[in-house]
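Engineer: Take a look at the following structure, please.
4 protein chains.
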Amino acid sequence: MGDISNMSNGLSSNGNGNGNNATMGVQRKSCWYEEEIEENLRWCFALKSILHTGASQYQDIQLLDTKPFGKALVIDGKLQSAEIDEFIYHESLVHPALLNHPNPKTIFIMGGGEGSTAREILRHWAVEKVIMCDIDEEVVDFCKSHLVVNKDAFFDPRLELVINDARAELERREEVYDVIIGDLADPIEGGPCYQLYTKSFYEFIVKPKLNQGGIFVTQMLYLIQLISLPMLTLGDGSCADELDLRIKQRIEGENRYLDGKTFSSSSTLSKAVRKSLDNETHVYTEGNARFIYGHGKQH
Amino acid sequence: MGDISNMSNGLSSNGNGNGNNATMGVQRKSCWYEEEIEENLRWCFALKSILHTGASQYQDIQLLDTKPFGKALVIDGKLQSAEIDEFIYHESLVHPALLNHPNPKTIFIMGGGEGSTAREILRHWAVEKVIMCDIDEEVVDFCKSHLVVNKDAFFDPRLELVINDARAELERREEVYDVIIGDLADPIEGGPCYQLYTKSFYEFIVKPKLNQGGIFVTQMLYLIQLISLPMLTLGDGSCADELDLRIKQRIEGENRYLDGKTFSSSSTLSKAVRKSLDNETHVYTEGNARFIYGHGKQH
Amino acid sequence: MGDISNMSNGLSSNGNGNGNNATMGVQRKSCWYEEEIEENLRWCFALKSILHTGASQYQDIQLLDTKPFGKALVIDGKLQSAEIDEFIYHESLVHPALLNHPNPKTIFIMGGGEGSTAREILRHWAVEKVIMCDIDEEVVDFCKSHLVVNKDAFFDPRLELVINDARAELERREEVYDVIIGDLADPIEGGPCYQLYTKSFYEFIVKPKLNQGGIFVTQMLYLIQLISLPMLTLGDGSCADELDLRIKQRIEGENRYLDGKTFSSSSTLSKAVRKSLDNETHVYTEGNARFIYGHGKQH
Amino acid sequence: MGDISNMSNGLSSNGNGNGNNATMGVQRKSCWYEEEIEENLRWCFALKSILHTGASQYQDIQLLDTKPFGKALVIDGKLQSAEIDEFIYHESLVHPALLNHPNPKTIFIMGGGEGSTAREILRHWAVEKVIMCDIDEEVVDFCKSHLVVNKDAFFDPRLELVINDARAELERREEVYDVIIGDLADPIEGGPCYQLYTKSFYEFIVKPKLNQGGIFVTQMLYLIQLISLPMLTLGDGSCADELDLRIKQRIEGENRYLDGKTFSSSSTLSKAVRKSLDNETHVYTEGNARFIYGHGKQH
Chain A
194 MGDISNMSNG LSSNGNGNGN NATMGVQRKS CWYEEEIEEN LRWCFALKSI LHTGASQYQD
254 IQLLDTKPFG KALVIDGKLQ SAEIDEFIYH ESLVHPALLN HPNPKTIFIM GGGEGSTARE
314 ILRHWAVEKV IMCDIDEEVV DFCKSHLVVN KDAFFDPRLE LVINDARAEL ERREEVYDVI
374 IGDLADPIEG GPCYQLYTKS FYEFIVKPKL NQGGIFVTQM LYLIQLISLP MLTLGDGSCA
434 DELDLRIKQR IEGENRYLDG KTFSSSSTLS KAVRKSLDNE THVYTEGNAR FIYGHGKQH
Chain B
194 MGDISNMSNG LSSNGNGNGN NATMGVQRKS CWYEEEIEEN LRWCFALKSI LHTGASQYQD
254 IQLLDTKPFG KALVIDGKLQ SAEIDEFIYH ESLVHPALLN HPNPKTIFIM GGGEGSTARE
314 ILRHWAVEKV IMCDIDEEVV DFCKSHLVVN KDAFFDPRLE LVINDARAEL ERREEVYDVI
374 IGDLADPIEG GPCYQLYTKS FYEFIVKPKL NQGGIFVTQM LYLIQLISLP MLTLGDGSCA
434 DELDLRIKQR IEGENRYLDG KTFSSSSTLS KAVRKSLDNE THVYTEGNAR FIYGHGKQH
Chain C
194 MGDISNMSNG LSSNGNGNGN NATMGVQRKS CWYEEEIEEN LRWCFALKSI LHTGASQYQD
254 IQLLDTKPFG KALVIDGKLQ SAEIDEFIYH ESLVHPALLN HPNPKTIFIM GGGEGSTARE
314 ILRHWAVEKV IMCDIDEEVV DFCKSHLVVN KDAFFDPRLE LVINDARAEL ERREEVYDVI
374 IGDLADPIEG GPCYQLYTKS FYEFIVKPKL NQGGIFVTQM LYLIQLISLP MLTLGDGSCA
434 DELDLRIKQR IEGENRYLDG KTFSSSSTLS KAVRKSLDNE THVYTEGNAR FIYGHGKQH
Chain D
194 MGDISNMSNG LSSNGNGNGN NATMGVQRKS CWYEEEIEEN LRWCFALKSI LHTGASQYQD
254 IQLLDTKPFG KALVIDGKLQ SAEIDEFIYH ESLVHPALLN HPNPKTIFIM GGGEGSTARE
314 ILRHWAVEKV IMCDIDEEVV DFCKSHLVVN KDAFFDPRLE LVINDARAEL ERREEVYDVI
374 IGDLADPIEG GPCYQLYTKS FYEFIVKPKL NQGGIFVTQM LYLIQLISLP MLTLGDGSCA
434 DELDLRIKQR IEGENRYLDG KTFSSSSTLS KAVRKSLDNE THVYTEGNAR FIYGHGKQH
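Chains A, B, C and D are the protein sequences, given in the same order.
Take any residue in the first sequence, count from 1 to its spot, add 193: that is its number in the working numbering.
Take any residue in the second sequence, count from 1 to its spot, add 193: that is its number in the working numbering.
Take any residue in the third sequence, count from 1 to its spot, add 193: that is its number in the working numbering.
Take any residue in the fourth sequence, count from 1 to its spot, add 193: that is its number in the working numbering.
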């Protein structure tokens, strides 16, 4: 590359000054992870190293070590979670649902191959059995080896790990569950997950597999209001102390993010978001799926 | 940038075409605004155009037209506000303070040259006089010409615009105010604002200029707890209906972001943030200032 | 971008300051033009302003004011030329061909809407008539208004500007030319130009429109050897003085880049490139076009 | 990161179209090496992996595996060489100097820790002894382990590897050399090399260590004309056949880049560069060093 290095004659003279520390830092940040969140919007994280790059049958997978957020899991070009703050997402996904149930013994996780959802579930004394069903063995395998914080969860005897399509696995099994949790990648075109976000899936596959009083929870942007799934009732604004009590009684160790006040606050949406939801009429079906920006492997 | 969750609802539908529009779009997004939020973290917005680039005596200024967020004001390389969601920040800065005061007639804005803070203040029927004191005439002038949404505010007879250092202006004036609002750029090294974030400034300059029962509010990341400024009491969790009532009675037009529930939710911090604040012992003084990542013009 | 080695001589001297100017500069470079040259390779230029963004029927067009290279013309997301060094490309495209012809009176330019090729041609005393045929009136119009350096050329009475497809125009016209110059955008998929790079086009459309002893020249990466177009003979390594003489006698003003030695050097390829060309067997036809990385508007 | 992933509601619907291959590719290129060549100019290469990141006493070092150029060595944030084309730089640095000497037996390399310069030197049958003196053991060590193509050179018995400052080593040794080669990083501020580009170093340290008829060569942007170092005479334009003959007789194996024509062409500068050099009056000394854009570790 010597020839190309010679391309530029741009010499700069700094005399005998100082003050260059900041500039040096700027020079040295040469490796970056870059994601297009939307078509016209990117974020970029400085990289320490690329721990793993691979492609399973279903997805492209990367495990990166980023400077601002620690280890980060990227699937099909979309950041899934990062070491520094994944506890926020996983505590919020798991604990409200389980604490809203009087005695959650059996849990089915759709996806969740990273292991963090299982980790939070297994902190509940009541839990006796967790089925974690992820389609992608490669994701599961290298999360198992790289994510130290989830190691105990992967080896907990209450956890049963199944490699299969979550829909097929739910249909195949005859037992029902106290809580079913959808911990899935976002619905992107060509990705393996978008069919697990539809009305018919929730109504005809998920609901019949719930026990009496069972609870289904998933991360999603738009609520589907037209099916009568059990909805959380804890978050009505007066329950903060009750939630704190249940957290203390039923969960091993201490939450970092979620307590009564946090739940109350984070489940109270702003006026602008409430208005946007009130105006939402779209029901997500196989035929009219809207996709998050991005593309998966399957076409 | 406030509540980002609602920032973009930009759905794109490609119907049953050959899908190349998206691909072409990717090729064509050639102009970008890029900001280093921290040393290892950037965000990038696709640009429509660069409306204005200038340097005043105090600051570097840019007015950009961005694809994802509309017109955006950038000072000293830091995004200050964007057309699409500035209402979130400005409603949150202005209304809780004014609504917490029984009869806010006289208001002093430190900074606020963009005009949006004045706009929100002037929606209050009670307000009789607003002093807006910004150090940078160039920022004020081109916001006046470019930001259509603030035009009425700039020409409201209740507004008195002063070009001066806010500290010097407060000292110079003899009158006192019902509400003083700090709408300042972040404290970056070499920028004009960091001395307006210190304990001594609040104690010896701001506080004496407040009326009996007067309220001071500013945007900041860390609260300074060691001085006895009047603190907001509205946000105690039971006031949501009362706040909605006052909004209806005292503010012209309708808020887009802030109502009782929103305030209750956004003023209830998560466990992780509360813990971090509990552990914070740093008191911001001239001698030990911590700076937001970035650099201003003055060294 | 031609001979990049001379592109920038931008020395910066910081004298004995505290060295923060450089750091500040880093903070302030917030607007960038970014181009993917290949799938895995980008270059980025800091932007002063976006002078024009438009889309004609055929192409997406941008005129940018860049910090390192001055005004730059971008078509379909690909940099076409930049103020600071366009003379290298245009002197190299025009003068060897015209100087190799004993008396070039009539010239046909396919494309060339930017005006720089016409400018160089019109410096030849011998030239009596130039047809410049570009498909895109919008490109021509705003280059005419923005590119001061080509203004005289656009208003030279010897220039006849035609807005049409170059192929159709050549076929339509009955006269023949001393020199035909292809000054076209690269062959990208969906762009308007790739059919002007094929064997059959050169053989059946271009060649019949050349006078006895006429010369055809175009910018291209791979020579097409299978058709018997007149090839340049000036560059055989012993002609440097003869070329300098003809430049002096036949061209008005002074070249900035091209003289005898420069032509001798730049027309002598390196061993690696010669070997690669020796091994090239691909003949460019409508049916087997290879495209430069990128995408045009037409699909 | 689940919370942040939920930031955007930007759903895109592609219906049942196709044409997404290109878009997918775009999505997946998430890791990049980025270098600021000058203050307003960057290039970016997609990354396969980060093979090594380290900091020696003298320099920051990275060995990257890039998609467009293969393995690339980066020192102090500046690309030094890349697998795909380093042969161009190293053949050009070594062979003209050695072939211009009647019988080059002893060679001293200042720097060259990558090993490629030694590799090219050791292809000369005449060479009996090569001293390679690099200041940075860490660079040498990991190039030895990672750069397979230089393995034989590192273990050639004619090579003596010394870890020391090249200036100190030259002064310390009493023997003189047939050829001295400067294969150094560019002179950047705070880097270890800029004092090896000065007039006094060439005159008082290098020149006395050359045999009668000895040759000194280094990569540089500006020639220093004021000292009477032996200059190459091979490149006078008529020597191409002679050079080809010497290459055949004196070098083992075949060059990929350099032959007589290539040398003749690449040593004939363009008019613009010649003019720029004619106007150059700066003599590089310790006191008035101009630096390439960038910063090293030492301040």
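Think of the CB as a built atom: it goes at the ideal place given N, C-alpha and C, for glycine as much as any other residue.
1. How should B:Thr-531 be labelled, buried or exposed, when 16 other C-beta atoms within 10 angstroms of its C-beta is the threshold for buried?
2. C:Ile-314 touches chain B at which residues, Cβ-Cβ below 7 Å?
3. Just to confirm the assignment: which complete beta strand (DSSP E) runs, minimum length 3, are found wholly within the segment 281-362 of chain C?
4. Mind pulling the chain B residues with CB within less than 8 Å of A:Tyr-450?
5. At a CB-CB cut-off below 8 Å, which residues of chain D make contact with C:Asn-233?
6. Sorted by chain position, which residues of the same chain lie with C-beta nearer than 6 Å to A:Asp-452's C-beta, five sequence neighbours on each side aside?
7. Apart from the five residues on each side of it in sequence, which residues of its chain come closer than 6 Å, Cβ to Cβ, to A:Glu-229?
8. Assign B:Glu-232 to one of three DSSP states: helix, strand, or coil.
9. Taking 8 Å as the cut-off, does the segment 280-292 of chain C touch the segment 350-359 of chain C (at least 3 CB pairs, one atom from each stretch)?
10. Tell me the residue span of the alpha helix (DSSP H) that contains C:Leu-438.
11. Where does D:Gly-480 land, buried or exposed, given buried means 16+ other C-beta within 10 angstroms?
12. Rounded to whole angstroms, how far is the Cβ of A:Leu-255 from the Cβ of D:Ser-223, which I believe are closer than 8 Å?
13. Using three-state DSSP, classify C:Leu-272 as helix, strand or coil.
14. Please tell me whether D:Gly-304 and D:Glu-382 are closer than 8 Å, where the distance is taken between their beta carbons.
15. Determine whether the Cβ of B:Asn-209 lies closer than 8 Å to any Cβ atom of chain C.
16. Would you mind sorting D:Asn-233 into buried or exposed? The rule is 16 or more other CB atoms within 10 Å of its CB.
17. Using a Cβ-Cβ cutoff of 8 Å, what residues of the segment 242-259 of chain B are near chain C? List them in chain order.
18. Taking only three categories from DSSP, how would you classify B:Leu-389?
19. Tell me whether B:Asn-481 sits in a helix, a strand or coil according to DSSP, three-state version.
20. Of all the CB atoms in chain D, is at least one closer than 8 Å to the CB of A:Gly-406?
21. What are the boundary residues of the beta strand (DSSP E) that includes A:Asp-258?
22. Name the DSSP beta bridge partners of A:Asp-376, please?
23. Can you give the Cα-Cα distance for B:Lys-337 and B:Thr-246, rounded to whole angstroms?
24. Nearest to D:Ile-398 by CA position, among D:Thr-299, D:Gly-308 and D:Val-369, is which residue?
25. Taking the C-alpha atoms as reference points, what is the distance between D:Arg-439 and C:Lys-464?
26. Should C:Ser-469 be labelled buried (16 or more other beta-carbon atoms within 10 Å of its own) or exposed?
27. Is there a C-beta anywhere in chain D that falls below 8 Å from the one on C:Ser-469?
28. Helix, strand or coil for C:Glu-382 per DSSP?
29. List, in chain order, every chain B residue whose beta-carbon is nearer than 9 Å to that of A:Lys-454.
30. Kindly say whether C:Tyr-387, judged by its beta-carbon, lies nearer than 8 Å to any beta-carbon of chain B.
31. Residues of chain C with a CB under 7 Å from the CB of D:Ser-457: which are they?
32. Taking the alpha-carbon positions, what's the A:Glu-313 to A:His-294 distance?
33. Can you name the start and end residues of the alpha helix (DSSP H) that A:Val-466 belongs to?
34. Which residue from A:Arg-360, A:Lys-402, A:Arg-366 and A:Arg-365 puts its Cα closest to that of A:Gln-388?
35. For a contact meaning CB atoms closer than 7 Å, what does D:Glu-473 contact in chain A?
36. Just the chain D side, please: which residues come within less than 7 Å of A:Val-267 by C-beta, in chain order?
Structural biologist: The answer reads as follows:
1. No answer is possible for residue 531 of chain B: the residues shown for chain B start at 194 and end at 492.
2. The premise fails here: C:Ile-314 is roughly 30 Å from chain B at the closest Cβ pair, so nothing lies under 7 Å.
3. 299-304, 322-327 and 352-356
4. Ser-463, Lys-464 and Ala-465
5. Lys-222, Phe-238, Ala-239, Thr-259, Lys-260 and Pro-261
6. Asp-437
7. Arg-235
8. coil
9. no
10. 433-443
11. exposed
12. The amino acid at residue 255 of chain A is misidentified as Leu; the sequence shows Gln. Right, their Cβ atoms sit about 7 Å apart.
13. strand
14. no
15. Any reading at B:Asn-209 is ruled out, since the residue's pLDDT is 32, under 50, leaving its predicted position unreliable.
16. buried
17. Ser-242, Ile-243, Thr-246, Asp-253, Gln-255 and Leu-257
18. helix
19. coil
20. no
21. 253-259
22. A:Gly-304
23. 15 Å
24. D:Val-369
25. 16 Å
26. exposed
27. no
28. strand
29. Gly-430, Thr-461, Leu-462, Ser-463, Lys-464 and Arg-467
30. no
31. Thr-461
32. 15 Å
33. 464-471
34. A:Arg-360
35. The contacting residues do not exist; D:Glu-473 stays about 10 Å from chain A at best.
36. Ser-223
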